[in-house]
Every structure is written in structure tokens, then in C-alpha cells.
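Worksheet: the structure to be examined is printed underneath.
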Amino acid sequence: MNRTLVESARCMIEHAGLSKRYWGEALTTAAFLRNRCPTLATGNDKSPHEAWTQKEPLLKNLKVFGCHAYVHIPREKRSKLDARSVLCLFLGYSDHEKAYRFEELSSSRIVVSRDAQFMEYTFDSGKRGQVGSSTSVKIADVDEATDGADRDDYRNQDEDDGMTEQPAVPVSTNERPQWQQRQSSRR
């Protein structure tokens, strides 16, 4: 089980583009998710959470680790002209209440909240919180190291097929917008 959790945490950190500094949060989140996955060990394909609590886990609240989220700031903690939300990094699920754990991007403070808007396809660019150097290889580095002769051959084949490019959007020669043209035709 330890290897499964560590590999899951490693994948989540890499997918989110985070540094190894977040391994504890990723490991806790991996365990949370693993406990909600069905397994034959509990019998009848139940999840460990369901076997322990006798309740089916709520899967609709699961979010992507390391994504950005805007966390709502309660009215009591802001003035009239302050922002109503703050940009945060999603770190996982709270152990003590039905809420999420976030790191505020501006102050690196840990925030626990239920009220957030998740942007599950938006992650940090670069390794956030990175202390040392990285040994990972980027795809651009691999492309530069490979010989581009094969790609040029394919490009030449495409260019010689005699096809001309067509504009993606049809161009109208009328000066008025389309909605004005429709109105004038009704009169």
C-alpha cells in the first residue's frame, strides 16, 4: 500500500507542476482518494470508506490536486471594497470537517474552506516552491535533441499536394453587420 500511495502522490505532484515540498499534502490526498476506490479486499467491491462508515462516499466533491481555485472570503473578514475571493492552490481535503485545504498563492498560508470555485485545468507554471534544481527533461529539450530531417520530409509532402488554404471564417463583402442586414430586409 505504501508504494501505491507514494506513486500516486508522485504522479499528482508531477501533473500539477509542483515541487517535492508538497509531498505530504499529495500523500494525504492520495490516501483520501484510495480509501474511496472500490477494492476486492473489503468484499462486494466496496471502498474502505464504505466498509468502515457503512455509507457510500460522495464522489462528486472530488477535485484535481494542485489546480487553482478562487476561495471565497467571508463578509466578516473583508471590507466593502476588498476582493471577495483569493486565488489559491488546491491541496486536498480537510481531515476534521467537510471542506477543502488550500494554499493562498500570495501569502503561502493554508486555508480551509468549503466555498471555492475550482479551475481544474489551470495549474502553476513551473515548479512552485522548488528549492533545488530539477532533473526532469522537458519535451522541448527532447525535440531539440532529435534530428528534424524526418519532420521536414513530412512537411514537404504536405506542401506539394497542390491544395490551397481556405479561410476558416467566410468573409462578407457587405459593410453592415449581419443583424442590421436582416432588419433592413424586413422593412
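According to my numbering, the sequence shown is numbered sequentially starting from 63. Glycine residues also receive a C-beta, built at the ideal position from the N, C-alpha and C atoms.
Rounded to the nearest angstrom, how far is the Cβ of residue i from that of residue j, given a contact under 8 Å?
i             : j                 : result
glycine 154   : arginine 140      : Wrong, their Cβ atoms sit about 25 Å apart, outside the cutoff.
glutamate 166 : valine 173        : 6 Å
valine 131    : phenylalanine 185 : In the sequence on display, residue 131 carries alanine and not valine. Contact doesn't hold; Cβ gap of about 11 Å is too wide.
histidine 134 : aspartate 177     : 4 Å
Would a C-beta distance cut-off of 8 Å place residue i and residue j closer than the cut-off?
i             : j                 : result
glycine 128   : phenylalanine 152 : yes
glutamate 182 : valine 126        : yes
serine 109    : asparagine 123    : no
valine 148    : serine 170        : no
Quick check on residue i: buried or exposed, where buried means 16 or more other Cβ atoms within 10 Å of its Cβ?
i             : result
methionine 84 : Correcting the residue type first, residue 84 is tyrosine in the shown sequence and not methionine. Classification of tyrosine 84: buried, given that the 10 Å Cβ count is 16 or more.
threonine 197 : Below a pLDDT of 50, predicted positions are generally treated as unreliable, and threonine 197, at 41, falls in that range; the measurement from the model is reported next regardless. By the neighbour-count rule (16 or more Cβ atoms within 10 Å), threonine 197 is not buried but exposed.
cysteine 73   : exposed
alanine 92    : buried
glutamine 116 : exposed
glutamate 206 : Annotation note: pLDDT 49 at glutamate 206 (below 50); position unreliable, coordinate value reported separately. Flag for glutamate 206 reads exposed.
proline 119   : buried
alanine 145   : exposed
How would you write the range of the beta strand (DSSP E) that residue i sits in, first residue to last?
i              : result
arginine 72    : Run containing arginine 72: none in the beta strand (DSSP E); it sits in the alpha helix (DSSP H), 64 to 78.
arginine 163   : 162 to 166
isoleucine 135 : First-last for isoleucine 135: undefined, no H or E at that position.
valine 148     : 147 to 155
serine 175     : 172 to 175
alanine 103    : Careful: alanine 103 lies outside any beta strand (DSSP E) and carries neither H nor E.
Could you give the residue range of the alpha helix (DSSP H) that holds residue i?
i             : result
glycine 86    : 85 to 96
histidine 111 : 110 to 115
Kindly confirm or deny that the stretch 130 to 145 and the stretch 77 to 94 touch, where touching means at least three C-beta pairs closer than 8 Å. Contact between the stretch 130 to 145 and the stretch 77 to 94 is absent: fewer than three C-beta pairs spanning the two stretches fall below 8 Å.
State whether the stretch 98 to 117 contacts the stretch 71 to 84, with contact taken as three or more CB pairs (one from each stretch) at a distance under 8 Å. No: the two stretches stay apart, fewer than three of their Cβ pairs being nearer than 8 Å.
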